[in-house]
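Numbering of the first sequence is given in the numbering used here, commencing with residue 9 and proceeding in unit increments.
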Amino acid sequence: MPELPEVEVTRQSFADRIAGSHILALRMGKALRWPLGCEPQTLAGRQVLGVRRRGKYLLLDLDQGLLLLHLGMSGSLRFERVPGEAGKHDHMDLQTSQGTLRLHDPRRFGAVVFVPAESSPAAHKLLGKLGVEPLGDDFHALDFWKALKKRKTVVKQVLLGGELVVGVGNIYASEALFMAGIRPSTRTERISLARATRLHAAIRTVLARAVEIGGSTLKDFSNAKGESGYFQLEAAVYGRQGLPCRACGSPIKAIRQGQRSTFFCPVCQKS
DNA sequence: AAAAGCCCCTGGATGC
DNA sequence: TGCATCCAGGGGCTTT
């Protein structure tokens, strides 16, 4: 579900409210993607210093170590002063002095992992080989183009891969490629500097816009305050197969790439 | 080494 | 109504 915009919107919706709190208890429900990595009760008493985001991961910095959260395909967080009773798909309650952070995740592809202080966060296996942040200062068009040229695959797959640039998932990959006028099946080694530059700009524009309007709510995404996003209403191609292209009117096409759906306009995205 | 496939899991939509 | 099948916003691991 959540790509960079949804994760960032979620972060912004509770970071200030949880910062400075003290952990009272951590309750884990059904198994998520990975084990927590420590006994939940050992976290009681730790202070939550703040919340950062790296790619699609959320990092809760503690005064000792950190909690790494991932929302997988169907995860969402809620932060409430007084939470209601936990439902069937609520698999984590982080109870703090300022409220409870609850993970709701029907498919359980999400994760909550404790990373001890002694292991450097960047060195953690899960964060180790992530690409650059698309909205940060280290995402450069020229470097992006050079990296694309070294790959031997198609451009959509590289965007999803996250080794070159992080945070772009299945929705925003299609959207950014549409905005850049590049067909998703284009071989990376054949992309010119000019087109790579357009794609670089499109990724930033699409992601920033999605953050601005609260992300995409396709089924049930909401931020930690329970608010929906509205990007899906502006999607140019994602989920619009057969519907007229907003730019030229041609029917949007859907294809499969690596077991995922891809959407594009065959006229606006010639190659 | 790098790319492509395979799964993990639940639920909603669709087809017979 | 029931049941089978397919699909869904991710990504680590295994296979090629």
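Even for Gly, the Cβ is constructed at its ideal location relative to N, Cα and C.
Find the nearest neighbour of residue i within the set the options, judged by alpha-carbon distance.
i, options, result
"A52", "L32, Y65 and A39", "L32"
"A218", "L79, D151, Y238 and L156", "Y238"
"K64", "M187, R195 and L143", "L143"
"A232", "K261, K96, L12 and R19", "R19"
"E197", "E183, K158 and L185", "K158"
"P43", "F117, R264, Q106 and Q72", "F117"
"P114", "L215, L168, D146 and H99", "H99"
"L40", "G83, R54 and E88", "G83"
"G234", "P91, R264 and L138", "P91"
"L76", "L109, R54, A119 and M36", "A119"
"L12", "A216, T108 and L207", "A216"
"A202", "E93, A149 and Q267", "A149"
"S105", "L111, K96, R54 and Q72", "R54"
"H97", "E242, K38 and V140", "K38"
"S200", "A255, H112, D146 and S279", "S279"
"Q240", "K133, L138, I179 and G169", "I179"
"M36", "S224, G95 and F229", "G95"
"E242", "S224, C256 and G257", "S224"
"V140", "G169, R195 and C256", "G169"
"G257", "R268, Q267, G247 and V275", "V275"
Compute the distance between the beta-carbons of residue i and residue j, then report whether it is under 8 Å.
i, j, result
"L70", "V59", "no"
"R25", "L135", "no"
"L79", "V15", "yes"
"E171", "V245", "no"
"L85", "L34", "no"
"I260", "T270", "no"
"I190", "Q265", "no"
"R89", "G107", "yes"
"P10", "F147", "no"
Whole-angstrom Cβ separation of residue i and residue j, contact assumed at under 8 Å?
i, j, result
"S21", "V56", "So it is not a contact: roughly 15 Å between Cβ atoms."
"F186", "F87", "Actually they do not touch by this definition, with Cβ atoms about 34 Å apart."
"V163", "P192", "6 Å"
"L207", "A181", "No, L207 and A181 are not in contact; Cβ-Cβ is about 10 Å, not under 8 Å."
**Prompt:** Counting only runs that start and end within the stretch 32 to 113, where is the beta strand (DSSP E) found for 3 or more residues in a row?
**Reply:** Runs found: 56 to 62, 65 to 70, 74 to 78, 84 to 88, 98 to 104 and 107 to 112.
**Request:** Taking 8 Å as the threshold, find out whether the stretch 151 to 160 comes into contact with the stretch 220 to 233 through three or more Cβ pairs.
**Result:** no
**Message:** Quick test of the definition: if touching needs 3 or more C-beta pairs under 8 Å, does the stretch 204 to 211 touch the stretch 169 to 189?
**Reply:** yes
**Message:** Count Cβ pairs between the stretch 159 to 172 and the stretch 118 to 127 that sit closer than 8 Å; are there 3 or more?
**Reply:** no
**Asked** For the 8 Å Cβ check, are there 3 or more pairs between the stretch 244 to 251 and the stretch 37 to 53?
**Response** no
**Prompt:** Which whole runs of the alpha helix (DSSP H) in the stretch 178 to 246 are 4 residues long or more, in chain order?
**Reply:** 178 to 188 and 201 to 220, all fully within the stretch 178 to 246.
**Request:** Could you pull out every unbroken alpha helix (DSSP H) segment of at least 4 residues lying fully inside the stretch 108 to 166, listed in chain order?
**Result:** 149 to 158
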